[in-house]
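In the UniProt record's numbering, the protein residues as written are 1 to 258.
No residue lacks a Cβ here, since even glycine has one placed at the ideal position from N, Cα and C.
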């Protein structure tokens with residue numbers, strides 16, 4: 001990673017110590033547990049798919065946080081930019097598991113920062129947050145268990161740990177409901193299209209590509225493909241080349257009504 005001059009590192013740590021979260025801690029001990037990482041523009045900072053274990057602080061640069069849906073589409077949910085604040089200050093960004101493949105800032109820069117090298121972290125999860133550097137950025141990472149040790153008031157440490165766990169549960173529930181709604185919407189659109197274009201024998205010929213059909217329905221091609229596979233697997237429809245046959249029209253009608 002990009003080497004930091006000692007003077008710059010000291011400035012970063014001093015800025016970090018001024019963050020309100022350290023107001024009730026032994027700042028010297030808390031900051032000593034922090035590590036500073038350099039992320040080139042476009043590199044992945046974290047994937048969130050488990051309980052919060054680390055705090056992330058943007059020291060310099062800009063970061064975009066995304067919600068990644070099961071179909072692979074990413075939606076921007078938050079922006080952090082130290083250059084756009086009235087006073088240049090440290091910002092705590094979404095907490096999550098760290099990017100373990102990014103070395104500390106005082107080591108040689110790793111040029112292999114392709115997004116797909118991190119896909120294995122969250123490939124088994126449907127509810128995922130990502131954070132990416134939209135500019136070259138410096139980020140401080142601090143383990144929660146380390147900051148917990150330095151709280152002057154033990155009750156505050158307990159509350160903070162509880163809050164981190166609750167936040168994970170709330171986010172997971174929120175995104176689960178969002179994913180379910182997204183899937184139900186896609187199913188309703190596909191079901192409505194099939195019902196409207198079926199002939200008297202419940203057959204539909206779809207000559208256009210799935211990509212074009214997905215565009216027509218305002219859904220992603222991956223979502224359309226997954227929805228059609230689901231309907232086929234449930235034996236609600238069958239397919240033979242470009243011809244689809246509705247086997248259970250009542251099921252499609254229920255999807256539209258829902």
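Which stretch, first to last residue, makes up the alpha helix (DSSP H) that contains residue 137? Here residue 137 belongs to no alpha helix (DSSP H); instead the beta strand (DSSP E) covers 137-143.
Terminal residues of the alpha helix (DSSP H) in which residue 229 lies: Unbroken alpha helix (DSSP H) run through residue 229: 221-233.
Give the DSSP-derived three-state secondary structure of residue 84 in the structure shown. The three-state secondary structure of residue 84, taken from DSSP, is helix.
In whole angstroms, what is the alpha-carbon distance linking residue 205 and residue 214? Distance between residue 205 and residue 214, taken at the CA atoms: about 15 Å.
What are the boundary residues of the alpha helix (DSSP H) that residue 249 is part of? The continuous alpha helix (DSSP H) containing residue 249 extends over residues 249-257.
Compute the distance between the beta-carbons of residue 58 and residue 91, then report whether it is under 8 Å. A contact, by the Cβ cut-off of 8 Å.
Mind reading off the beta-carbon distance from residue 243 to residue 225? Whole number of angstroms is fine, and I expect it under 8 Å. Their Cβ separation, rounded to whole angstroms, is 17 Å, which puts residue 243 and residue 225 out of contact at 8 Å.
Starting from the C-beta of residue 248, find all residues in its chain whose C-beta is less than 6 Å away, skip the five residues before and the five after it, and write them out in chain order. Around residue 248: 236.
Do residue 64 and residue 76 count as a contact pair if the criterion is CB distance below 8 Å? Against a cut-off of 8 Å, the Cβ pair of residue 64 and residue 76 comes out as a contact.
Assign residue 216 to one of two classes, buried (16 or more other C-beta atoms within 10 Å of its C-beta) or exposed (fewer than that). With fewer than 16 other Cβ atoms within 10 Å, it is exposed.
Option nearest residue 44 by Cα separation, candidates 131, 66, 35: Cα-wise, what sits closest to residue 44 is 131.
Is it the case that the Cβ atoms of residue 190 and residue 227 are separated by a distance below 8 Å? Cβ atoms of residue 190 and residue 227: closer than 8 Å.
For residue 62, collect the residues of the same chain with a Cβ closer than 6 Å to its Cβ; drop the 5 residues on either side in sequence, then sort them by chain order. So the qualifying residues of the chain are 81, 134, 135.
On the DSSP bridge list, what partners appear for residue 193? Bridge partners of residue 193 according to DSSP: none are assigned.
Taking 8 Å as the threshold (beta carbon to beta carbon), is residue 256 in contact with chain B? This model lacks chain B altogether, as it is built from one protein chain only.
Specify, as a first and last residue, the run of the beta strand (DSSP E) that residue 215 falls within. Residue range 210-217 is occupied by the alpha helix (DSSP H) that includes residue 215, with no beta strand (DSSP E) assigned at that position.
Within 10 angstroms of its Cβ, does residue 10 collect 16 or more other Cβ (buried), or is it exposed? Classification of residue 10: exposed, given that the 10 Å Cβ count is below 16.
Within 10 angstroms of its Cβ, does residue 67 collect 16 or more other Cβ (buried), or is it exposed? Residue 67 is buried by the Cβ-count criterion.
Hey, quick one: how far does the beta strand (DSSP E) through residue 37 stretch, first residue to last? First-last of the beta strand (DSSP E) with residue 37: 35-39.
Which residue comes first and which comes last in the beta strand (DSSP E) that contains residue 90? That residue, residue 90, is in no beta strand (DSSP E); it is neither H nor E in DSSP.
Reduced DSSP category for residue 62 - H, G, I as helix; E, B as strand; rest coil: Strand at residue 62.
Same chain, Cβ closer than 8 Å to residue 194, neighbours up to 5 away in sequence not counted: Within the same chain, 204, 237, 244, 246, 252 come within 8 Å of residue 194 by CB-CB distance, once the 5 residues on both sides are set aside.
Quick one, which of 201, 199, 196, 145 has its alpha-carbon nearest residue 274's? This structure leaves residue 274 out entirely; the chain is present only between 1 and 258.
Nearest to residue 38 (by Cα), restricted to the options 141, 201, 93, 200: The residue with the shortest Cα to Cα distance from residue 38 is 141.
Kindly indicate which three-state DSSP category residue 239 falls into: helix, strand or coil? Correct three-state label for residue 239: strand.
Helix or strand or just coil, what does DSSP make of residue 202? Of the three classes helix, strand and coil, the one that applies to residue 202 here is coil, per DSSP.
Assigned secondary structure, residue 75 (DSSP; H/G/I helix, E/B strand, else coil): Strand, per DSSP.
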